[in-house]
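Under my numbering, the sequence shown has 1151 at position 29, and the numbering climbs by one with no breaks. Glycine included, C-beta positions come from ideal geometry on N, C-alpha and C. Notes follow once the structure below has been shown.
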Amino acid sequence: YPPSEAADLSKKLLVWYDANKRDLPWRRAKGTEHHAYAVWVSEIMLQQTRVATVIDYFDRWMAKWPSVESLSKASLEEVNEMWAGLGYYRRAKMLHQGSIDVMEKHGGR
């Protein structure tokens, strides 16, 4: 597309999105201090898993571990128990390890 058409298409797409986007729990965190964490958790859960399946898991996860810090303090056993049913447990293990790394190497940011 020429730049002028691409800009017009982009505007139309954003208008359509605003009118039709789904209400998803990780989007509700926007503007909060835990928004990036919520998106991170959702992105990991959504890998090879349907949105409809993830929503309940995400809500339970965030109720138990609402921050990177709280997740980093959990045991891997707890994480795997909460993950049960989503499959591909390596995703849970790496998310957990990532939270530990964020806290230890980056001060939680």
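Query raised in the report: Is the beta carbon of Val-1201 sitting closer than 9 Å to the one on Ala-1214?
Result: yes
Report task. Round the Cβ separation of Met-1225 and Ser-1194 to the nearest angstrom and send it over; I've been treating them as touching at under 8 Å. Result -> Rounded, the Cβ-Cβ distance is 4 Å, consistent with contact.
**Report entry** Asp-1130 versus Gln-1170: straight-line alpha-carbon distance, rounded
**Finding:** 33 Å
Query - Selection from Pro-1147, Glu-1155, Gly-1153 that minimises the alpha carbon distance to Ser-1164 - result: Out of Pro-1147, Glu-1155, Gly-1153, Pro-1147 has the C-alpha closest to the C-alpha of Ser-1164.
Report task. Please report the Cβ distance between Gly-1230 and Val-1190, rounded to the nearest whole angstrom; I am assuming they are in contact, meaning their Cβ atoms lie under 8 Å. Result -> 6 Å
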